[in-house]
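Down below is the structure, laid out as structure tokens.
Numbering (the working numbering), first residue to last: 26 to 179.
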């Protein structure tokens with residue numbers, strides 16, 4: 026099982042950042058990894074037990090991960106686990122932790138773990154998948170930072 030994490034300072038409060046990150050109607054305003062993001066039918070807001078779907082960009086294979094919120098503690102912490110079985114992913118889970126900073130900004134830390142499939146090729150797939158996911162996660166957290174910085178100036 027591979028694990029990693031990426032952090033970024035965001036020029037906004039924990040509450041504001043948490044709310045935007047988990048607002049699926051606005052997710053594509055900043056999230057560079059995705060081409061679609063939505064809550065499953067019957068759900069109108071993210072919360073513990075809610076399921077969602079995030080579809081990656083076509084250039085990254087366009088995989089759709091369906092996840093369930095296993096924790097949702099506004100404005101500090103949320104965690105999800107994958108509940109479908111897309112190609113190449115045997116298991117996947119992630120958490121997002123928000124910490125308030127003294128200057129009114131906040132630190133977001135995205136932590137994830139995954140296991141590649143098929144098992145016999147895990148040794149080859151996981152190092153590549155880990156590098157790509159780290160690169161893309163840094164990119165998307167910088168985009169989140171830039172989204173708030175641009176809106177702060179306006």
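Even glycine gets a Cβ: it sits at the ideal position worked out from N, Cα and C.
Is the region 126-133 touching the region 101-117, taking contact as three or more C-beta pairs under 8 angstroms?
no
Going by DSSP in three states, residue 102 sits in which element: helix, strand or coil?
Position 77 of the chain shown holds residue 102. Strand, per DSSP.
Here's the rule I'm using: 16 or more other beta-carbon atoms within 10 Å means buried, otherwise exposed. How should residue 153 be labelled?
Walking along the chain shown from the start, residue 153 turns up at place 128. Exposed, because fewer than 16 other Cβ atoms sit within 10 Å of the Cβ of residue 153.
Reducing DSSP to helix, strand and coil, say where residue 43 ends up.
Within the chain shown, residue 43 is the residue found at index 18, counting from 1. Three-state DSSP puts residue 43 in a helix.
Give me the residue from 131, 137, 62 and 110 with the minimum Cα distance to residue 104.
Stepping through the chain shown from its first residue, residue 104 is reached at position 79. Checking every option, the nearest Cα to that of residue 104 belongs to 137.
Quick one: does residue 86 have its CB under 9 angstroms from some CB of chain B?
Protein chains in the displayed structure number just one, and chain B is not present.
Can you have a look at residue 33 and say buried or exposed, based on whether 16 or more other CB atoms are within 10 angstroms of its CB?
The residue given as residue 33 occupies position 8 in the chain shown. Residue 33 should be labelled buried.
Quickly, what does DSSP pair residue 117 with across the bridge? List them, please.
As a working note, residue 117 is residue 92 in the chain shown. Residue 117 pairs with 139.
Candidates 120, 41, 118 and 88: which alpha carbon is nearest residue 61's?
For the purposes of this step, residue 61 is taken as residue 36 along the chain shown, with counting starting at 1. The residue with the shortest Cα to Cα distance from residue 61 is 88.
Residues bridged to residue 131 [DSSP beta-bridge criterion]:
Position 106 of the chain shown, counted from the start, is the residue given in the question as residue 131. Residue 131 pairs with 35 and 125.
Rounded to the nearest angstrom, how far is the Cβ of residue 42 from that of residue 120, given a contact under 8 angstroms?
In the chain shown, the residue the question calls residue 42 occupies position 17. In the chain shown, the residue the question calls residue 120 occupies position 95. Not a contact, Cβ separation roughly 15 angstroms.
Who are the Cβ neighbours of residue 142 in its own chain at under 6 angstroms, not counting the five residues just before and after it?
The residue you call residue 142 lines up with position 117 of the chain shown. 115.
Same chain, Cβ closer than 6 angstroms to residue 162, neighbours up to 5 away in sequence not counted:
To locate residue 162, count along the chain shown from 1; it is residue 137. Within the same chain, residue 162 has close Cβ partners 31 and 135.
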